[in-house]
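Chains as they are written, first to last, in the numbering used here: chain A, 1 to 114; chain B, 1001 to 1113.
A short worksheet on the structure shown next.
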Amino acid sequence: DAGVTQSPTHLIKTRGQQVTLRCSPKSGHDTVSWYQQALGQGPQFIFQYYEEEERQRGNFPDRFSGHQFPNYSSELNVNALLLGDSALYLCASSLEVGLNTEAFFGQGTRLTVV
Amino acid sequence: LAKTTQPISMDSYEGQEVNITCSHNNIATNDYITWYQQFPSQGPRFIIQGYKTKVTNEVASLFIPADRKSSTLSLPRVSLSDTAVYYCLSNKESPGGSYIPTFGRGTSLIVHP
Chain A
1 DAGVTQSPTH
11 LIKTRGQQVT
21 LRCSPKSGHD
31 TVSWYQQALG
41 QGPQFIFQYY
51 EEEERQRGNF
61 PDRFSGHQFP
71 NYSSELNVNA
81 LLLGDSALYL
91 CASSLEVGLN
101 TEAFFGQGTR
111 LTVV
Chain B
1001 LAKTTQPISM
1011 DSYEGQEVNI
1021 TCSHNNIATN
1031 DYITWYQQFP
1041 SQGPRFIIQG
1051 YKTKVTNEVA
1061 SLFIPADRKS
1071 STLSLPRVSL
1081 SDTAVYYCLS
1091 NKESPGGSYI
1101 PTFGRGTSLI
1111 VHP
């Protein structure tokens, strides 16, 4: 049973560029959440997708957008990259939408903006 | 804004019990408290979740007092492989008024031989 998989594992982008990160949830899970984790910090919630709609959103600008596909996989898009967007981006899946469900995390995508 | 605070680091030795406390003021009435473990270059891994009093599973115990303003993760008889960062998670009200999952800054536990 595959867990949560994310691609790519590492990425280097230039300021002002756009990036798309991808996530496949754990088998049987229908809810996907995205987090940003800066070095030495805890993960910060970006948003959560369920039934192809954004259900919850954290305190992130509109440059951060997402999408969920019918097979429950998800994408995170970040436009107009800033140096401060450099971080580990984590995808987590869960069995149902909500705030108190156990989340399974992928290994993350390390994004470096130069 | 409500905050989640936990010690930045802790040291222990193999075989000892480790207790890590997290303060989460203004926790919502129906909110659970969840703890995660994270190793370098990996995503967080669920350890335990509780609402009140005491919860125990095969790896840890979680103590939550009646006022629910804090929680304590207890790791019995730690080993070197328990060296990791431990996060408490609860749902906090965002500036927009909705509740969102909020991790603490994490406690770096180092277990010594």
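Just so it is clear, CB atoms sit at the ideal spot from N, CA and C, and this is done for glycine as well.
Under 6 angstroms Cβ to Cβ from residue i, same chain only, skipping five residues before and after it: list those, please.
i, result
"Thr-112/A", "Ile-12 and Ser-86"
"Asn-1019/B", "Thr-1072 and Ser-1074"
"Phe-1039/B", "Ala-1084"
"Ile-1027/B", "Arg-1068 and Ser-1090"
"Arg-1077/B", "Gly-1015"
Residues of chain B with a CB under 8 angstroms from the CB of residue i: which are they?
i, result
"Leu-76/A", "Result: empty, since nearest Cβ-Cβ is about 14 angstroms, beyond 8 angstroms."
"Pro-43/A", "Pro-1044, Tyr-1087 and Phe-1103"
Output the boundary residues of the beta strand (DSSP E) element that contains residue i.
i, result
"His-10/A", "10-13"
"Lys-1092/B", "1084-1093"
"Asp-1011/B", "1009-1013"
"Lys-1052/B", "Counting along the chain, Lys-1052/B falls outside any beta strand (DSSP E), and DSSP gives it neither H nor E."
"Glu-53/A", "53-57"
"Leu-1109/B", "1107-1112"
"Gly-84/A", "Segment: none, Gly-84/A is in no beta strand (DSSP E) and carries neither H nor E."
Below 9 angstroms on C-beta distance, what does residue i contact in chain B?
i, result
"Leu-90/A", "Gly-1043 and Pro-1044"
"Gly-108/A", "Ser-1041, Gln-1042 and Gly-1043"
"Phe-105/A", "Tyr-1036, Gln-1038, Gln-1042, Gly-1043, Pro-1044, Arg-1045 and Phe-1046"
What residues of chain A sit near residue i, judged by a beta carbon separation below 9 angstroms?
i, result
"Gly-1015/B", "Chain A residues near Gly-1015/B: none, gap ~28 angstroms exceeds 9 angstroms."
Classify residue i as buried or exposed, calling it buried when 16 or more other Cβ atoms lie within 10 Å of its own Cβ.
i, result
"Val-4/A", "buried"
"Gln-1006/B", "buried"
"Tyr-1013/B", "exposed"
"His-1024/B", "buried"
Could you name the residues of chain A that residue i contacts, counting a contact when the two beta carbons are closer than 7 angstroms?
i, result
"Ser-1094/B", "Gly-58 and Asn-59"
Is the closest heavy atom of the ligand MN to the C-beta of residue i under 7 angstroms?
i, result
"Arg-57/A", "Judged by which ligands are present, the structure shown has none, so any question about the ligand MN falls away."
Run down chain A in chain order and give the residues with a C-beta less than 8 angstroms from the C-beta of residue i.
i, result
"Gly-1106/B", "Gln-41 and Gly-42"
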